[in-house]
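Chemist: Okay, here's the structure, questions in a sec.
Chains as they are written, first to last, in my numbering: chain A, 1 to 110; chain B, 1 to 115.
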């Protein structure tokens with residue numbers, strides 16, 4: 001299967017750190033991507049993990065553990081503009097299509 | 001450098017009608033994918049075009065069809081519209097090859113409402 005599971009909502013305070021988890025089914029796994037989407041906007045690519053470990057890009061980091069079929073997106077020094085939906089996604093077995101989770105709505109409060 | 005563009009931005013159609021949505025990929029990209037995003041859900045893959053051919057198709061009925069032109073732009077056609085087709089339709093472009101598949105550049109989408 002290609003399903004991904006992530007929490008539907010997360011709330012955090014400005015300046016804090018938040019972690020958004022994603023679990024997936026293992027068949028034909030190539031890697032895990034993360035996308036951000038603001039209300040009314042287009043999904044934008046944040047990060048990709050093909051191998052186990054942590055990838056860091058500024059305030060955002062993404063982690064993958066293939067043995068646990070698990071990954072997470074870590075957002076540090078939260079800002080109000082980080083309020084958005086965050087999707088984990090994996091490539092299909094063919095390597096062409098992206099299969100998305102249902103998304104996590106992050107609300108950053110003052 | 002223009003990103004992915006889509007037209008129109010919004011569209012209202014009546015059940016049973018047909019619709020055509022258009023997409024121009026990011027400069028330098030040769031692959032176009034289409035996704036349907038219902039409210040509160042993640043994007044669902046419809047199909048992908050490469051070298052003017054449908055390379056992969058998701059779990060969508062034949063009412064959904066597409067085309068890619070020599071300049072890599074693409075169209076999505078939906079026939080016999082149903083109320084359930086109301087959604088945001090996203091176009092995404094990427095470069096050829098597996099490595100490019102995980103990073104796709106999305107357009108702003110076309111909001112289709114079927115009444």
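Heads up, the beta-carbon is just placed ideally off N, CA and C, and yes, glycines get one too.
(1) Beta-carbon of residue 55/B versus every beta-carbon of chain A: anything under 8 Å?
(2) Taking Cβ to Cβ, would you say residue 16/A is nearer than 8 Å to residue 54/A?
(3) Where DSSP assigns a beta bridge to residue 10/B, which residues make up the other side?
(4) Applying the 10 Å Cβ sphere with the 16-neighbour rule, what's the burial state of residue 61/A?
(5) For residue 29/B, which of 16/B, 17/B and 107/B has the nearest alpha-carbon?
(6) Pull up the DSSP beta-bridge partners for residue 180/A, would you.
(7) Chain B partners of residue 71/A, CB-CB under 7 Å?
(8) Could you please tell me which residues of the region 9-30 of chain B, in chain order, have their CB closer than 8 Å to any CB of chain A?
(9) Anything in chain B within Cβ reach of residue 96/A, meaning under 7 Å, just list it in chain order.
(10) Identify, in the order they occur along the chain, each residue of the same chain with its Cβ nearer than 8 Å to the Cβ of residue 90/A, setting aside the five sequence neighbours on each side.
(11) Using the Cα positions of residue 88/A and residue 8/A, report the straight-line distance between them to the nearest angstrom.
(12) Here's a check: name, in chain order, each residue in its chain whose Cβ is nearer than 7 Å to the Cβ of residue 101/B, leaving out the five neighbours to either side.
(13) Out of curiosity, what's the CA-to-CA distance linking residue 96/B and residue 101/A?
(14) In this structure, what does DSSP give as the bridge partners for residue 90/B?
(15) Going along chain B in order, which residues have a C-beta closer than 8 Å to the C-beta of residue 81/A?
(16) Assuming residue 86/A and residue 107/A form a contact by the criterion Cβ under 8 Å, report the distance between their Cβ atoms to the nearest whole angstrom.
(17) When you compare only the Cα positions, how much space is there between residue 51/B and residue 13/A?
(18) Rank 86/B, 91/B, 48/B and 114/B by C-alpha distance to the C-alpha of residue 92/A and give the top, closest one.
(19) Mapping the DSSP letters down to three states, classify residue 71/A as helix, strand or coil.
(20) To the nearest whole angstrom, what separates the beta carbons of residue 75/B and residue 21/B, a pair I think is in contact under 8 Å?
(21) Check whether the Cβ of residue 21/A lies closer than 8 Å to any Cβ atom in chain B.
(22) Note down, in chain order, each residue of its chain lying with its Cβ closer than 7 Å to the Cβ of residue 38/B, except the 5 sequence neighbours on either side.
(23) Would you say residue 10/A reaches chain B, if we count a Cβ-Cβ gap shorter than 8 Å as a contact?
Modeler: So, to answer that:
(1) The residue labelled residue 55/B in the question sits at position 55 within the second chain. Yes, residue 55/B counts as interfacial toward chain A.
(2) Your numbering for residue 16/A matches position 16 in the first chain. Your numbering for residue 54/A matches position 54 in the first chain. For the pair residue 16/A and residue 54/A, the CB atoms are not nearer than the 8 Å cut-off.
(3) By one-based count along the second chain, residue 10/B stands at place 10. Answer by DSSP bridge pairing, in chain order: 111/B.
(4) Taking the first residue of the first chain as 1, we reach residue 61/A at position 61. Counting Cβ neighbours within 10 Å, residue 61/A comes out buried, since at least 16 surround it.
(5) Taking the second chain and counting its residues from 1, the one referred to as residue 29/B is at position 29. Looking at the Cα atoms, 107/B is the closest of the given residues.
(6) Because chain A is modelled from 1 through 110, residue 180/A falls outside the range shown and cannot be assessed.
(7) By 1-based counting over the first chain, the position of residue 71/A is 71. Chain-order list of chain B residues neighbouring residue 71/A: empty, with the shortest C-beta distance near 13 Å, by a criterion of under 7 Å.
(8) Listed by position, the residues of the region 9-30 of chain B near chain A (Cβ gap below 8 Å) amount to none.
(9) Against the first chain, residue 96/A aligns to sequence position 96. Against chain B, the beta carbon of residue 96/A has neighbours under 7 Å at 48, 55, 56 and 101, listed in chain order.
(10) Sequence index remark: in the first chain, residue 90/A carries index 90 (1-based). Contacts found: 2, 4, 24, 29, 30, 31, 32, 33, 98 and 99.
(11) Indexing the first chain from 1 puts residue 88/A at position 88. Indexing the first chain from 1 puts residue 8/A at position 8. Annotation: residue 88/A to residue 8/A spans about 12 Å, alpha carbon to alpha carbon.
(12) Working through the second chain from its first residue, we reach residue 101/B at position 101. Close CB contacts of residue 101/B within its chain, under the 7 Å cut and outside five residues either way in sequence, are with 94 (chain order).
(13) Looking up residue 96/B in the second chain gives position 96. Looking up residue 101/A in the first chain gives position 101. Answer to the nearest angstrom: the Cα atoms are 24 Å apart.
(14) Position 90 of the second chain, counted from the start, is the residue given in the question as residue 90/B. By DSSP's assignment, residue 90/B forms a beta bridge with 35/B.
(15) Translated into the one-based positions of the first chain, residue 81/A becomes position 81. By Cβ distance, chain B contributes nothing, its closest Cβ being about 18 Å from residue 81/A, past 8 Å.
(16) Taking the first chain and counting its residues from 1, the one referred to as residue 86/A is at position 86. Taking the first chain and counting its residues from 1, the one referred to as residue 107/A is at position 107. Rounded, the Cβ-Cβ distance is 12 Å, inconsistent with contact.
(17) Here residue 51/B is taken as the residue at index 51 of the second chain, counted from 1. Here residue 13/A is taken as the residue at index 13 of the first chain, counted from 1. Their backbone Cα atoms lie some 47 Å apart in a straight line.
(18) Here residue 92/A corresponds to residue number 92 of the first chain, with the count starting at 1. Restricting attention to 86/B, 91/B, 48/B and 114/B, the CA atom closest to the CA of residue 92/A is found in 48/B.
(19) As a working mapping, residue 71/A is identified with position 71 in the first chain. Residue 71/A sits in a strand when the DSSP states are folded into three classes.
(20) Here residue 75/B refers to the residue found at position 75 when the second chain is read from its first residue. Here residue 21/B refers to the residue found at position 21 when the second chain is read from its first residue. By a beta-carbon distance limit of 8 Å, residue 75/B contacts residue 21/B. Their separation comes to about 7 Å.
(21) Your numbering for residue 21/A matches position 21 in the first chain. Answer no: the Cβ-Cβ gap between residue 21/A and chain B never drops below 8 Å.
(22) Against the second chain, residue 38/B aligns to sequence position 38. In chain order, 87 place their CB closer than 7 Å to the CB of residue 38/B, counting only its own chain and leaving out the 5 sequence neighbours on each side.
(23) As a first step, residue 10/A must be located in the first chain, where it is residue number 10. With 8 Å as the cut-off, residue 10/A does not count as an interface residue toward chain B.
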